[in-house]
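Participant:
Chains as they are written, first to last, in full-length UniProt numbering: chain A, 1 to 300; chain B, 1 to 634.
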């Protein structure tokens with residue numbers, strides 16, 4: 001048996017992290033956002049604890065504005081893995097009818113996702129939450145720890161992070177405090193796709209190109225996924241062959257025109273891509289330190 | 001990598017990708033050596049940057065850049081907002097890129113004086129180090145420091161990147177002289193594998209391909225070297241080590257032990273020994289989600305089942321039966337301190353080693369290393385970024401290997417018991433022989449016999465509070481009352497301890513810790529002798545009170561907080577000490593320039609503003625009666 005390949009090393013490291021986190025926490029939970037990274041993370045969890053079921057529930061912090069295809073895959077994956085699925089919708093956001101069209105992306109994201117996540121963690125008393133973030137996604141993520149400490153107010157202090165050496169993770173905390181754990185820290189976007197192909201991991205079909213109804217707004221193609229989409233005067237959804245590199249709330253996720261309708265075709269397209277995947281996310285395009293600011297406030 | 005149509009057969013490409021290996025390396029150098037520029041360039045040249053990232057970089061370069069109209073690659077790496085404004089990187093960041101031959105994870109750490117901890121952190125997972133030198137400046141103190149630090153954590157492969165060669169007219173002479181100096185220095189550290197490369201990171205010379213401006217240089221470019229260097233170190237060649245992270249019990253019929261193999265390989269049928277119990281068994285199956293394996297090797301995360309039903313829990317280590325790990329509770333270790341508060345000998349900390357977390361304390365450093373001169377110096381403590389050698393004592397025996405033979409079995413982190421911060425990291429060298437040879441002498445007249453004769457239970461009444469709060473006054477009254485009740489007592493206070501047992505100690509934090517440790521030990525002996533021990537010391541630190549508490553049995557330690565506000569004791573100031581301290585004539589005075597950590601949950605809280613010393617003393621005696629330590633009828 002020869003030395004481990006890159007993907008084998010990544011897989012073994014992620015499993016190591018998942019097991020360590022579960023062993024050192026009282027009430028862990030996995031943040032499940034239904035995207036490709038979440039899909040890989042869930043798959044790794046099933047491997048880590050086999051033949052046991054992963055000993056924690058899945059938490060989806062819902063905004064009610066995800067693509068319909070995402071809700072379908074979510075329910076299917078929860079059934080297959082046998083884990084409990086907790087869906088949390090911020091009742092305040094629900095009451096106020098917060099949506100990206102009338103309230104803008106920043107407010108929408110803050111109230112549904114950041115506040116919603118804190119509510120869910122507090123309500124269920126989770127002391128450790130797995131997230132699918134990768135260090136290659138964005139500059140402030142590159143300095144994030146694998147085990148990232150949060151205060152009782154869910155705040156992240158980038159100046160006061162615990163040094164992380166060798167394979168030794170410090171998961172200790174006091175009551176009320178919590179730890180966020182990122183098992184995919186060392187994976188890149190390319191690694192994720194290679195692993196999805198190699199392991200035949202189910203993903204939302206929206207990653208693959210198909211004819212979909214879209215409108216073009218401010219240079220971005222937005223899919224009209226349901227009847228709540230308020231069409232502007234003169235706007236008519238047109239069928240275009242598109243796919244998505246990342247998935248979030250459908251009104252906030254830009255599509256790209258593409259013919260890549262198989263996984264190898266996606267990877268080929270990515271190898272020649274000239275833009276990073278986060279560009280499709282409207283949240284990142286504010287000031288340079290926007291993500292760091294959001295994270296300090298408790299965003300995942 | 002971005003040429004259209006280059007990967008016509010994506011499947012074939014994927015297979016080739018999957019067979020790639022991984023190189024993790026760390027870059028060391030100061031802000032001025034062009035380190036961030038070098039990494040930025042590597043990412044750029046390996047096409048790891050996308051157009052939008054480049055566009056953002058162009059914007060940032062105009063706004064914050066230091067390279068005029070040129071792209072400032074350093075900005076690409078400075079992730080945190082505040083750091084950008086200061087123009088320095090202050091933590092460890094991880095970068096990723098891939099070439100045709102390999103994938104790379106780069107740990108980017110700063111070269112700043114006060115950040116030894118970041119470099120050790122980044123180096124702890126690296127296979128190789130790239131050490132940057134400015135060709136105009138040659139070897140600097142920091143070059144030696146960085147080299148020492150990477151050698152300390154066991155990195156044996158070094159790339160000496162002699163940068164900014166454009167600024168010395170591509171001089172072969174300059175390059176060779178720096179290389180010669182460095183090899184001589186590296187040899188002292190036991191590093192033999194040094195590859196020196198002449199570079200201009202800013203202009204990209206010898207970065208991904210050989211430069212025409214250094215025709216005298218025949219070696220590989222930096223990237224060529226990183227792509228092909230043998231990272232060797234086949235850690236599957238050693239004996240099996242598998243620390244159990246998690247006991248896998250889906251139902252009553254299955255009992256598996258999940259963990260990552262940190263050394264050697266394993267097959268069904270192999271004989272294993274489990275530490276610390278020492279029990280032996282045989283591997284039955286190697287269970288994974290993808291089916292049972294015929295063999296697993298170092299680096300893999302697996303679940304083992306054994307043929308015997310033996311008791312194994314998290315933290316135990318499954319070892320090759322014929323070559324098990326060592327087992328000990330006292331070690332000599334190198335310790336790197338990473339917290340603002342210094343390491344205090346004797347203070348109780350937690351140590352995490354493998355999948356085990358234990359109570360631990362360190363002795364006084366045998367020496368600390370001056371990382372600039374590599375000299376060994378004497379020291380009583382270890383400060384932030386200090387590196388020293390000290391004895392480590394754990395509260396029970398654990399399986400280990402020396403760091404030099406197995407990094408993962410010989411490394412540990414130190415955790416503060418109260419803040420839960422990671423305050424240090426260390427490397428185990430060897431077990432102290434004495435840890436195996438001290439056995440308690442069994443005695444026939446024991447504590448129980450003495451308790452029966454005394455007619456009361458022993459305990460420690462630990463009075464803590466500011467200087468002048470009234471501890472000694474109350475302690476004296478308590479002792480008088482207990483004596484009258486027929487109890488056997490002893491009062492330990494500053495007068496009878498500081499003049500004898502602890503007369504060699506001063507009032508630094510380290511000496512205070514040692515003083516309390518000695519008092520705790522004396523109190524422990526006296527409790528064993530059946531006495532009610534009353535102590536009256538400021539004992540300002542929670543950790544040491546906890547330490548003293550841990551020395552006696554549960555329920556025998558009674559912490560009494562003598563609570564008098566600072567303003568009041570300062571006004572009373574019976575010995576004039578506060579005035580002296582305020583004038584700066586007394587250093588390390590509790591409440592003035594040294595902290596007092598208020599007890600979180602004392603057994604008794606005496607508010608001296610609300611009651612007289614007699615009332616306080618009676619409250620203590622009442623508590624002893626309620627707890628059944630003494631009876632009134634005496």
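Glycine is no exception: its CB is placed at the ideal position from the N, C-alpha and C atoms.
Along the region 36-65 of chain A, what residues have a CB closer than 8 Å to any CB found in chain B?
Facilitator: 46, 47, 48, 49, 50, 51, 52, 53
Participant: Does the region 9-25 of chain A touch the region 257-274 of chain B, meaning 3 or more C-beta pairs lie closer than 8 Å?
Facilitator: Segments in contact, yes.
Participant: So, are the CB atoms of residue 36/A and residue 196/A less than 8 Å apart?
Facilitator: yes
Participant: Going by DSSP, which residues form a beta bridge with residue 326/B?
Facilitator: The beta-bridge partner set that DSSP reports for residue 326/B consists of 400/B.
Participant: Just confirm the distance between the C-beta atoms of residue 286/B and residue 266/B, as a whole number of angstroms; I'd bet it's less than 8 Å.
Facilitator: 7 Å
Participant: Within the region 107-187 of chain B, note down every full alpha helix (DSSP H) run reaching 4 residues or more, in order along the chain.
Facilitator: 116-123, 141-152
Participant: So, with DSSP's three-state summary, where would you put residue 289/A?
Facilitator: In this predicted model, residue 289/A has a pLDDT of only 44, less than 50, meaning its place in the structure is not dependable enough to derive any value.
Participant: My understanding is that residue 182/A touches residue 219/A, with C-beta atoms under 8 Å, so please give their C-beta distance in whole angstroms.
Facilitator: Incorrect: roughly 32 Å between the Cβ atoms, too far for contact.
Participant: Find the residues of chain A that neighbour residue 370/B, judging by a C-beta separation of less than 7 Å, and give them in chain order.
Facilitator: Chain A residues near residue 370/B: none, gap ~22 Å exceeds 7 Å.
Participant: Where does the unbroken alpha helix (DSSP H) through residue 193/A begin, and where does it stop?
Facilitator: 189-199
Participant: Are residue 604/B and residue 624/B close, meaning C-beta to C-beta below 8 Å?
Facilitator: no
Participant: May I ask you to list the residues that DSSP assigns as paired with residue 282/B?
Facilitator: Looking at the DSSP assignment, residue 282/B forms a beta bridge with 271/B.
Participant: By the 10 Å Cβ neighbour count, where 16 or more other Cβ atoms means buried, how is residue 483/B classified, buried or exposed?
Facilitator: Classification for residue 483/B: exposed.
Participant: Name, going along the chain, the residues of the region 388-415 of chain B whose beta-carbon falls closer than 8 Å to a beta-carbon of chain A.
Facilitator: 407, 408, 411, 412, 413, 415
Participant: Can you confirm whether the region 145-152 of chain B touches the region 413-421 of chain B when touching is taken to mean that 3 or more C-beta pairs between the two stretches lie within less than 8 Å?
Facilitator: Output reads no: the region 145-152 of chain B does not touch the region 413-421 of chain B.
Participant: Distance check for residue 261/A and residue 217/B, CA to CA, integer angstroms please.
Facilitator: 49 Å
Participant: Could you please give me the residues that DSSP links to residue 636/B through a beta bridge?
Facilitator: Absent from the structure is residue 636/B, since the part of chain B shown begins at 1 and ends at 634.
Participant: Specify the secondary structure class of residue 203/A as computed by DSSP and reduced to three states.
Facilitator: coil
Participant: For residue 264/B, go through chain A and note every residue whose CB falls closer than 9 Å to its CB, in chain order.
Facilitator: Those do not exist, as residue 264/B stays about 12 Å from chain A at its closest Cβ, beyond 9 Å.
Participant: With 16 other CB atoms within 10 Å as the buried threshold, where does residue 451/B fall?
Facilitator: exposed
Participant: Check distances from the C-beta atoms of the region 421-433 of chain B to those of chain A and list, in chain order, the residues that come in under 7 Å.
Facilitator: Residues 421, 422, 425.
Participant: Rounding to the nearest angstrom, what Cα-Cα distance links residue 529/B and residue 553/B in this structure?
Facilitator: 13 Å
Participant: Would you kindly check if the distance between the Cβ of residue 266/A and the Cβ of residue 207/A is under 8 Å?
Facilitator: yes
Participant: Closest by CA to residue 232/A, which one among 239/A, 50/A, 222/A?
Facilitator: 222/A
Participant: Answer with buried or exposed for residue 79/A, where buried requires no fewer than 16 other C-beta atoms within 10 angstroms of its C-beta.
Facilitator: exposed
Participant: For residue 635/B, which residues from the same chain have a beta carbon less than 7 Å from its beta carbon, with the 5 sequence-adjacent residues on both sides left out?
Facilitator: This structure cannot speak to residue 635/B, because chain B is shown only from 1 to 634.
Participant: Take the Cβ of residue 211/B as the centre, count every other Cβ of all protein chains shown within 10 Å, and call the residue buried at 16 or more, exposed below.
Facilitator: buried
Participant: Name the DSSP bridge partner or partners of residue 639/B?
Facilitator: Since the first residue shown for chain B is 1 and the last is 634, residue 639/B is missing from the structure and cannot be characterised.
Participant: Would you say residue 99/A faces chain B, with C-beta separation under 8 Å as the test?
Facilitator: Using a CB distance cut-off of 8 Å, residue 99/A does not count as an interface residue toward chain B.
Participant: Mind checking which residues open and close the beta strand (DSSP E) that includes residue 257/A?
Facilitator: Run containing residue 257/A: 254-257, per the beta strand (DSSP E) assignment.
Participant: Look at the alpha carbon of residue 490/B and the alpha carbon of residue 430/B, and state the distance between them as a whole number of angstroms.
Facilitator: 41 Å
Participant: Is the CB-CB distance between residue 599/B and residue 464/B below 8 Å?
Facilitator: yes
Participant: For residue 198/A, is the beta carbon positioned less than 7 Å from some heavy atom of the ligand NAD?
Facilitator: In the structure shown, the ligand NAD is absent, as is every other ligand, since no ligand is present at all.
Participant: Counting C-beta neighbours from all protein chains within 10 Å, is the total for residue 176/A 16 or more, i.e. buried, or is it exposed?
Facilitator: exposed
Participant: Check the Cβ of residue 173/A against every Cβ in chain B and list those closer than 7 Å, keeping chain order.
Facilitator: 420
Participant: Determine which residues of the region 232-246 of chain B have a Cβ less than 9 Å from any Cβ of chain A, and write them out in chain order.
Facilitator: Close to chain A, meaning a Cβ-Cβ distance shorter than 9 Å, are the following residues of the region 232-246 of chain B: 234, 236, 245, 246.
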